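Scroll down for the structure; my scribbles are underneath it.
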Amino acid sequence: MNEMSYDIAVIGGGCAGMAAACAAKEAGAGRVLILERASWLGGVLRQCIHNGFGIHQFQEDLTGTEYAGRLIQMTKEAGIDVLTDTTVLQISKERTILAVNRNGLIRIQAGALLIATGCRERPRGALAIPGTRPAGVMTAGTAQRFLNLEGYLPGKEIVILGSGDIGLIMARQFILEDVDVKAVAEILPYSSGLTRNIVQCIEDFQIPLYYNTTVTRIEGEKRVTGVVLSKVDEKRRPIPGTERFLCCDSLILSVGLIPENELLWQAGVPMDPGTGGAIVDDTYQSAVPGIFACGNALHVHDLADYVVQESQKAGRSAALWVKEQPKDSAPLIHVQAGNGVRGLVPQKIRAGSAAVSLQFRPAARYQDCRIAVYSDDRIIFQKKERILTPGEMYSIHLKGTCFEKDLKVQVEP
Amino acid sequence: MLEYDVIVIGAGVSGACTARELSRFKLKTAVLEKAPDLCAGASKGNSATVHSGHDAAYGTKKALYNVLGNKMYDRLCQELCVPFQRNGTYVFAVTDHDMDELARLKENADRNQVPGVRLLSYPELIRQSPGWSPKVKGALFAPTGGVVCPYSLVFALCANAAENGVDFYRNTEVCGIRKEGGRFFIHTGCGDFSSKYIFNCAGVYADDMNNFVSSRKIRIIPRKGSHIILDKKLAPYVDATLCQPPSVLPGGGHTKGMGLMPTDGGTVLLGCEAVDIGDKTDVSTTRQGLDEILSYFETSWRFLPQSRYFPEFPKNLIIGAFSSVRPHPDTDDFILGEAPDAPGFINIAGFESPGITAAPAVAKDLVRDSAERFGWEPNPGFNPIRKTEKPFREMTEEEMEEAIRQDPDYGKIVCRCEQVTRAEVLRAIRDPLGARTVNEVKMRTRAGMGRCQGGFCSPEIVSILAQELRIPMNQVTLCGAGSEILGKESCLEESQEEKEGSGA
């Protein structure tokens, strides 16, 4: 078995992994390694040929592929070691990694371990949509990969279930490819995607978008021949009598992303069922010393830029942790998600931290509301907002030495 | 016209067991399967349970062969290198009425001579299997209940039969059979066959086959059952099959009861409901069927030991659902043996649950009887052992290293959720009875069966299949002609080609 040791090992070579690795190196980390299971760095950005990337990070409007290219260039220049076509099979709480590639097994001892494994799409099975199981049902990201990396369309007449960002982006691309997009159905009364994608990908192309609507049956023996759409009530239950058959040969699903954390889960690192990622402090360190998490593996982000910002912070923290090897971790205070707050990160803050950003998603759509952060019963932050939607992540930047008592974040009318 | 001594119609579990038993004799044997792949019908979509036989009604063929078949499983699976585990079955009671039902089952089990069946009081139950809710009154425990992967079993049986000389014809649907001059003439969509003997293992279509040659008509009713699949995260907490007696369930008697079943692959099955339908091809799941399973588990979850770790029914662990159509005989019992007015035509019909369990014993008995009657000679070259490679995910580190040294494709993981390597996918395709479709690769390797349900690996599988079969990616199918996964090429690609074309 090939044995290696690195100051920092990053699992995942997408934008989170590359950004974290570069930032760690810049912060003075010695040897840094990225492990990537695909044959190339870049993760899902490789297949994102649409624009809208990099406005915050590079002050330019780039495609996902160009954005990945920039990060790959930075990774090369930073002198970071990269192992592609290498799959991590297992990690331990002591930060050893068991990985495999065509040369055999590799055991790596890491000073600090960064988990940047991204997320996966929720499949049809998880929704338990009744009906047959024909060809022609696939997730939006898989369709994107088939189209942009292999050059094949999923079909001729498409219905999209869910209004997640990838589904919206693909709706537009299908139209540009001269494919009939019959409808986008969203079970909620609002989209879970970014407003800009609703406007640029759906409204501009006059694609019918039905809210409070879901697919209640898939038909077709070998290949999809159609789907049944039904209206749903406020509890998301299909309303009998509202069924409508739509003829199509493909059903594309964009019904949510799930952080990919099987490695952390197997190693027994405490997880947050709310985010699907590890429970971390404001340095993005998990409850296991020396294991850090960032990017979509920690919680699902809206923009690659936000992933990069967060991952840079995580990379710097990991470098610092390796350098200082703190014996005792600082006391932690809890950040509680109150009413209207979902997927809050970080879940803990080191007492005495100087500045902290909290991120969360509103639990529903809110109008004319207030975001408030309490320390015990005392309000330490508040801001009025006209509209909040679960499709857009909300960030709060807190400064000052106010972090001694547990915090609570909530959305108030 | 292809001539054989024996033709087996159907490559489900009964056909596969029969084919392997026939290969013990000096016979020219062929198996005809209508579907593109082996194990495409009821043998594919079931609870993967090797039943103990406690609930099959005493005196029936089902009961007899259930118990006999169960006993054969250890050796059979050892010979074929198929994972099999006797994890035991608990039938639990929450009411006095259930307890009466358990007493009745116990009596039935004893008459069936099922080994080791015990009635456990609540204290006895939790001593043996901790964590059951105090609302549970007791349970029947059948230690010989087990779990097998039904399609791994069928593939292994067929591979072993093929190694011992049996020919397999897939995509070969029998459209008619007539008997003339002591031989059967079998008309199929891909040419004609003739044989002296036929074993009818045609599942839901066994009545059609029988009725071609016999005036003693039989009738098979398609009975649909559905299961829900849960993520293997639950697996560490499920070490036995758990169910409630069928009589307490809505629409009960049709199934063996709603249950929670571990599987060989680590996922956990919930099911199943059962409903008689008209259409033998209808394997769609229905809202009503899935809701029936879900609502049962939502209310009964609190009784189960798993509720200690997952206080609420873990709906978020659902990764899939499937239905299949089982061949329910209108007589309610297996229809076995020679059709009285068609000598040489042997039925294994109405082979619903416990068919998987009973199949080895039924095939053995019927083939042995035929051999005696028709004077078949043993095949001295018969080798019962099927060697197979261990799946990568089950290898030790040393075995992984060695496998990669011999074939570097073992070092490339294609399906991340189930840790299936490129080497295993290639072997599944290149095997003599190899995979031609994405579903066939999935059934042989588990690639695409995990929590992402093929989201990540399907592009890779499609690409490997395209390379191996030397076809464009958009001719690769999910499950045979008509189920192409992709449409036409991107028009951006085309316009580029046009440009290149005009330039030249």
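Protein chains in written order, with my numbering: chain X, 1 to 413; chain A, 1 to 504.
Glycine included, each C-beta is placed from N, C-alpha and C at the ideal position.
Only a predicted model underlies this, so the values are computations on that prediction, with no experimental measurement involved.
| Query | Result |
| --- | --- |
| Can you give the Cα-Cα distance for residue 369 (chain A) and residue 168 (chain A), rounded to whole angstroms? | 23 Å |
| Would you list the residues sitting across from residue 185 (chain X) in a DSSP beta bridge? | X:161 and X:210 |
| Three-state secondary structure (DSSP) at residue 370 (chain A)? | helix |
| Identify the contact partners of residue 400 (chain A) in chain X, using a Cβ-Cβ distance below 9 Å as the criterion. | 89, 100, 104 and 105 |
| Closer than 8 Å, Cβ to any Cβ of chain X: which residues of the region 270 to 287 of chain A, in chain order? | 281, 283, 284, 285, 286 and 287 |
| How many whole angstroms separate the CB atoms of residue 198 (chain A) and residue 348 (chain A), which I take to be in contact at a CB cut-off of 8 Å? | 11 Å between Cβ atoms; not a contact. |
| Hey, is residue 18 (chain X)'s beta-carbon within less than 9 Å of any beta-carbon in chain A? | no |
| Assign residue 57 (chain X) to one of three DSSP states: helix, strand, or coil. | coil |
| Do we get a CB-CB distance below 9 Å when we pair residue 85 (chain A) with the residues of chain X? | no |
| What would DSSP say about residue 524 (chain A), mapped onto helix, strand or coil? | Outside the displayed span of chain A (1 to 504) sits residue 524 (chain A), for which this structure offers no information. |
| Between the alpha carbons of residue 252 (chain A) and residue 276 (chain A), how many angstroms are there, rounded? | Per-residue confidence for residue 252 (chain A) stands at a pLDDT of 45, beneath the threshold of 50, marking its modelled position as unreliable; no derived number is given. |
| Who are the neighbours of residue 221 (chain A) on chain X, taking C-beta pairs under 8 Å? | Those do not exist, as residue 221 (chain A) stays about 21 Å from chain X at its closest Cβ, beyond 8 Å. |
| Here's a check: name, in chain order, each residue in its chain whose Cβ is nearer than 8 Å to the Cβ of residue 175 (chain X), leaving out the five neighbours to either side. | 181, 205 and 207 |
| Taking residue 380 (chain A) as the reference, which of A:9, A:4, A:11 and A:23 has the closest Cα? | A:23 |
| State the Cα-Cα distance for the pair residue 320 (chain A) and residue 393 (chain A), rounded to the nearest angstrom. | 22 Å |
| To the nearest angstrom, report how far apart residue 365 (chain A) and residue 73 (chain A) are at their CA atoms. | 15 Å |
| Quick one, are the C-beta atoms of residue 230 (chain X) and residue 211 (chain X) less than 9 Å apart? | no |
| Start and end of the beta strand (DSSP E) containing residue 88 (chain X)? | 87 to 91 |
| Is it buried or exposed for residue 106 (chain A), if we count other Cβ within 10 angstroms and need 16 for buried? | buried |
| Assuming residue 422 (chain A) and residue 389 (chain A) form a contact by the criterion Cβ under 8 Å, report the distance between their Cβ atoms to the nearest whole angstrom. | Actually they do not touch by this definition, with Cβ atoms about 13 Å apart. |
| Starting from the C-beta of residue 242 (chain X), find all residues in its chain whose C-beta is less than 7 Å away, skip the five residues before and the five after it, and write them out in chain order. | 230 and 231 |
| Identify each residue in the region 456 to 490 of chain A for which the Cβ-Cβ distance to at least one residue of chain X is less than 9 Å, and report them in chain order. | 456, 458, 459, 462, 463, 472, 473, 474, 477, 478, 479, 480, 481, 482, 483, 484, 485, 486, 487, 488, 489 and 490 |
| Any beta carbon from chain A within less than 9 Å of residue 218 (chain X)'s own beta carbon? | yes |
| Count the other C-beta atoms from every protein chain shown that fall within 10 angstroms of the C-beta of residue 5 (chain X), then say buried if there are 16 or more, exposed otherwise. | exposed |
| What does DSSP give as the partner residue(s) for residue 324 (chain A) in the beta ladder? | A:225 |
| I'd like the list of long-range same chain contacts for residue 2 (chain X), defined as Cβ closer than 8 Å, with 5 residues on each side in sequence excluded. | 103, 104, 105, 106 and 107 |
| Going along the chain, which residues of the region 317 to 329 of chain A sit with their C-beta nearer than 8 Å to a C-beta in chain X? | 318, 319, 320, 321 and 322 |
| Among the residues of its own chain, which have a CB less than 7 Å from the CB of residue 425 (chain A), if the five just before and after it don't count? | 414, 441, 445, 447, 461 and 464 |
| Figure out for me which residue from X:150, X:117, X:171 and X:316 has the closest Cα to the Cα of residue 159 (chain X). | X:171 |
| Look at the alpha carbon of residue 325 (chain X) and the alpha carbon of residue 114 (chain X), and state the distance between them as a whole number of angstroms. | 16 Å |
| Tell me, please, whether the CB atom of residue 424 (chain A) is closer than 9 Å to any CB atom in chain X? | no |
| Which whole-angstrom value is the C-beta distance of residue 283 (chain X) and residue 259 (chain X), which I expect to be below 8 Å? | The pair is not a contact, with the Cβ atoms about 19 Å apart (cut-off 8 Å). |
| For the putative contact between residue 283 (chain A) and residue 216 (chain X), defined by C-beta atoms under 8 Å, what is the C-beta separation to the nearest angstrom? | Between residue 216 (chain X) and residue 283 (chain A) the Cβ distance is about 18 Å, and since that is not below 8 Å, they are no contact. |
| Using 10 angstroms around the beta-carbon of residue 11 (chain X), count the other beta-carbons present and answer buried if the total reaches 16, otherwise exposed. | buried |
| For residue 237 (chain X), does the count of other Cβ atoms within 10 angstroms reach 16, so buried, or fall short, so exposed? | exposed |
| Do three or more CB pairs link the region 176 to 190 of chain A to the region 54 to 71 of chain A at distances below 8 Å? | no |
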